[in-house]
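Under my numbering, the first residue of the sequence shown carries the number 765, and numbering increases by one thereafter. Glycine included, C-beta positions come from ideal geometry on N, C-alpha and C. All of these numbers come straight from a predicted model, not from anything done at the bench.
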Amino acid sequence: MKQNIIVYKPSGLTVAWAQRIVDHHSTDTIVSRVDIASIDIGTTTRIRLIVEHNGPETLPRRWFVKLPSMAWRARWITALPRLLHTEVRFYNEFTEPLPISRPSILAAQSKFGRGSTLVLTDVTEFGASPGCSKTNCRCGRGS
């Protein structure tokens with residue numbers, strides 16, 4: 765992705781930011797609203813978004829975004845081994861040929877010393893529960 769999609773905190777997840785991602789998938793689609801459904805701060809900051817747009821049904825409306833942790837201690841612990849950068853690289857380079865169920869990548873960008881942002885389809889849009897495979901769930905939350 766040529767355009768910068770790196771954000772540092774949830775307030776950076778704006779309509780203009782989402783539009784840059786959508787433009788990569790569907791140039792005629794217009795994003796009208798971005799709502800934060802949930803935020804979980806741990807080793808990364810994980811945000812679930814609801815993105816309203818006029819695009820095709822194949823373009824998801826629920827997104828899962830990972831940013832560097834907003835917790836300073838977790839951020840320092842994960843910064844040295846560049847864990848989020850490695851995850852972005854994994855999604856960008858290695859997941860396409862893997863024959864496993866996984867969220868689709870909408871965008872991923874990492875710049876050394878500048879941050880990382882990973883945007884995936886949210887599995888809840890397809891009826892799955894986070895952490896569970898819809899067809900083989902052992903945590904009691906799947907269908």
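Span of the beta strand (DSSP E) holding arginine 784?
Note, arginine 784: premise wrong, no beta strand (DSSP E); alpha helix (DSSP H) at 779-789.
Taking serine 791 and histidine 817 to be in contact with their CB atoms under 8 Å, please state how far apart those CB atoms are, rounded to whole angstroms.
It should be noted that the sequence gives threonine, not serine, for residue 791. Actually they do not touch by this definition, with Cβ atoms about 12 Å apart.
In the DSSP assignment, what are the bridge partners of serine 874?
Ser880
Backbone CA spacing between proline 867 and valine 829 [nearest angstrom]:
12 Å
Nearest-angstrom beta carbon gap, isoleucine 770 and arginine 878 [assumed within contact, 8 Å]
6 Å
What does proline 832 pair with, by DSSP beta-bridge criteria?
Thr808
How long is the line joining the alpha carbons of cysteine 903 and isoleucine 811, rounded to whole angstroms?
Residue confidence is low: cysteine 903 scores 44 on pLDDT, short of 50, so the model does not pin down where it sits. Its coordinate-derived value is still stated next. The straight-line gap from Cα to Cα measures roughly 22 Å.
Looking at isoleucine 803 and threonine 809, is the spacing between their C-beta atoms short of 8 Å?
yes
Bridge-paired residues (DSSP) for aspartate 799
Ile814
Look up serine 907 in the DSSP assignment and say whether it is helix, strand or coil.
Here serine 907 scores only 39 on pLDDT, less than 50, and its place in the model should not be relied on; the value that follows carries that caveat. Coil at serine 907, not helix or strand.
Give me the Cα-Cα distance between leucine 777 and serine 893, rounded to the nearest whole angstrom.
23 Å
If we count the other Cβ atoms within 10 Å of its Cβ and call it buried at 16 or more, is proline 820 buried or exposed?
exposed
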